[in-house]
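Protein sequence lines, in the order shown, are assigned to chains A and B. Everything in the first sequence is counted per my numbering, starting at 1 for the first residue and increasing by one. Everything in the second sequence is counted per my numbering, starting at 1 for the first residue and increasing by one. Glycine included, C-beta positions come from ideal geometry on N, C-alpha and C. Okay, so here's the structure we're looking at.
Protein chains: 2
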Amino acid sequence: MNAADPVPLTATTTYRLGLLGALAGARFTERIGSLRLKPKDVALLGLLQSDGPTAQLTVARRLGVAPSLVVTVADRLEVLGAVRRLRDQSDRRRQQLVLTDTGQELLTRCAAIARELDEELTAGLDPAARQALDAALGTLTTGPGLPS
Amino acid sequence: MNAADPVPLTATTTYRLGLLGALAGARFTERIGSLRLKPKDVALLGLLQSDGPTAQLTVARRLGVAPSLVVTVADRLEVLGAVRRLRDQSDRRRQQLVLTDTGQELLTRCAAIARELDEELTAGLDPAARQALDAALGTLTTGPGLPS
DNA sequence: TATTGTTATACTCTATAACTATA
DNA sequence: TATAGTTATAGAGTATAACAATA
Chain A
1 MNAADPVPLT ATTTYRLGLL GALAGARFTE RIGSLRLKPK DVALLGLLQS DGPTAQLTVA
61 RRLGVAPSLV VTVADRLEVL GAVRRLRDQS DRRRQQLVLT DTGQELLTRC AAIARELDEE
121 LTAGLDPAAR QALDAALGTL TTGPGLPS
Chain B
1 MNAADPVPLT ATTTYRLGLL GALAGARFTE RIGSLRLKPK DVALLGLLQS DGPTAQLTVA
61 RRLGVAPSLV VTVADRLEVL GAVRRLRDQS DRRRQQLVLT DTGQELLTRC AAIARELDEE
121 LTAGLDPAAR QALDAALGTL TTGPGLPS
């Protein structure tokens with residue numbers, strides 16, 4: 001691999017991450033459908049689990065989505081009983097989104113689905129390669145500059 | 001990591017691939033905009049480069065998209081001068097999509113953009129980790145069962 | 001009749017802008 | 001006036017269905 005033989009598009013990390021990310025996302029989306037969840041629902045539930053009760057506008061900023069979308073997602077999750085809206089008493093404009101036990105359970109099931117998918121996606125890798133992939137992806141996602 | 005401490009959602013390969021894939025895709029999309037290209041355009045150009053002239057319906061099947069979308073993308077690329085439509089003489093219903101020199105050049109520029117992005121995305125990895133990531137992603141994308 | 005490409009239409013996701021209520 | 005949430009509307013991307021030309 002020298003200057004006269006540059007890496008072709010399909011061999012770049014960018015291209016491959018995009019391809020595999022789309023594949024993983026599509027399969028995950030399909031399977032969480034059985035729980036009546038969509039990807040943004042899972043993102044919101046995950047945020048509440050890690051951050052605790054959070055105002056809607058804060059959620060919008062943390063997930064990098066429009067405030068109006070948070071309304072839609074929270075509505076859906078409220079119908080499922082996965083979150084509750086709690087009116088903030090000191091500032092009654094604000095609503096804290098709170099994860100319920102049902103929401104916790106759904107999140108647990110989503111994690112199980114993702115772990116199943118991991119097995120399928122990385123079936124072609126030997127244990128060392130799989131571990132190296134995990135480590136690299138972990139470094140990149142735990143690092144700086146990442147939305148949602 | 002044992003049975004009582006399962007991998008949480010955000011630590012799964014599925015979740016991380018989805019997150020990084022979306023990030024890489026968004027940045028790539030933004031930058032190819034200066035070439036007046038969209039992601040599907042690049043996918044079509046890339047297919048023509050690797051497979052040579054291809055009928056539209058075949059393109060649709062290979063990319064895993066609806067035939068009507070191939071019409072839209074091919075229209076856009078024809079306006080840019082990146083592909084030509086050649087009517088098949090032995091079966092005049094068919095049109096072969098052919099990559100032009102302009103299309104080749106655009107593809108070359110897309111590859112350069114992707115390589116730049118690779119540098120930025122993997123800046124947090126040491127050389128060994130970067131190489132391990134490349135190898136793993138290469139194995140997974142070169143393997144079986146992948147659309148587009 | 002079946003197939004290729006096209007057009008017409010509709011659906012999903014998400015954003016922007018206008019609005020309500022509280023501050 | 002400014003802010004939190006909501007509602008109304010619009011745009012991008014893509015699919016499905018109806019259609020035209022050719023086989």
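What is the DSSP secondary structure of A:A135, counted as helix, strand or coil? helix
In the DSSP assignment, what residue or residues form a beta bridge with B:R84? DSSP output for B:R84 lists B:V98 as bridge partner(s).
Let me confirm a value: B:L121 is counted as buried when at least 16 other C-beta atoms fall within 10 Å, else exposed. Which label applies?
buried
- Own chain, CB closer than 6 Å to B:D134, minus 5 neighbours either side, in chain order: none
**Study point:** Boundaries (first-last residue) of the alpha helix (DSSP H) holding B:K40
**Key:** Start and end: 39-51.
Problem set entry | Reduced DSSP secondary structure (H/G/I, E/B, other) of B:A123 | coil
For A:P8 and chain B, any beta-carbon pair shorter than 7 Å?
Answer yes: the Cβ-Cβ gap between A:P8 and chain B drops below 7 Å somewhere.
Original post:
What's the call for A:G33, buried or exposed, on a 16-neighbour Cβ count within 10 Å?
Top reply: exposed
ask   = Does any C-beta atom of chain A lie closer than 7 Å to the C-beta of B:R16?
value = yes
(request) Would you mind sorting B:T142 into buried or exposed? The rule is 16 or more other CB atoms within 10 Å of its CB. (result) exposed
If you count every other CB in all the chains shown that lies within 10 Å of the CB of B:G21, and 16 or more means buried, which is it? buried
Requested in this report: With a threshold of 16 other CB atoms inside 10 Å of the CB of A:R92, please say whether the residue is buried or exposed.
Outcome: exposed
- Within chain A, partners of B:L137 - CB distance below 8 Å: Listed by position along chain A, the residues whose Cβ is nearer than 8 Å to that of B:L137 are T13, R16, L17, L20, L133.
Let me know if A:L57 comes out buried or exposed under the rule of 16 or more other beta-carbons within 10 Å of its beta-carbon. exposed
Discussion item. Would you call the stretch 39-56 of chain B in contact with the stretch 86-103 of chain B, where contact means no fewer than 3 C-beta pairs closer than 8 Å?
Written reply: yes
**Prompt:** Any residues in the stretch 38-50 of chain B with a beta carbon nearer than 7 Å to a beta carbon of chain A? Which ones, in chain order?
**Reply:** So the close ones are G46.
Beta-carbon contacts of B:L117 that lie in its chain and below 8 Å, excluding the five residues immediately before and after
Cβ within range, chain order: A24, R27, F28, R31.
Of all the CB atoms in chain A, is at least one closer than 7 Å to the CB of B:T102? It does not: the Cβ of B:T102 has no partner Cβ on chain A nearer than 7 Å.
Endpoints, the alpha helix (DSSP H) within which B:L9 is located: Taken as a continuous stretch (DSSP letters only), B:L9 belongs to no alpha helix (DSSP H), as it is neither H nor E.
(Q) Is there a Cβ of chain B sitting closer than 7 Å to that of A:L149, yes or no? (A) Nothing about residue 149 of chain A can be reported from this structure: the residues present for chain A run from 1 to 148 only.
| task | Leaving aside the five residues before and after B:T14 along the sequence, list all residues of the same chain whose C-beta is less than 6 Å from its C-beta, in chain order. | result | none
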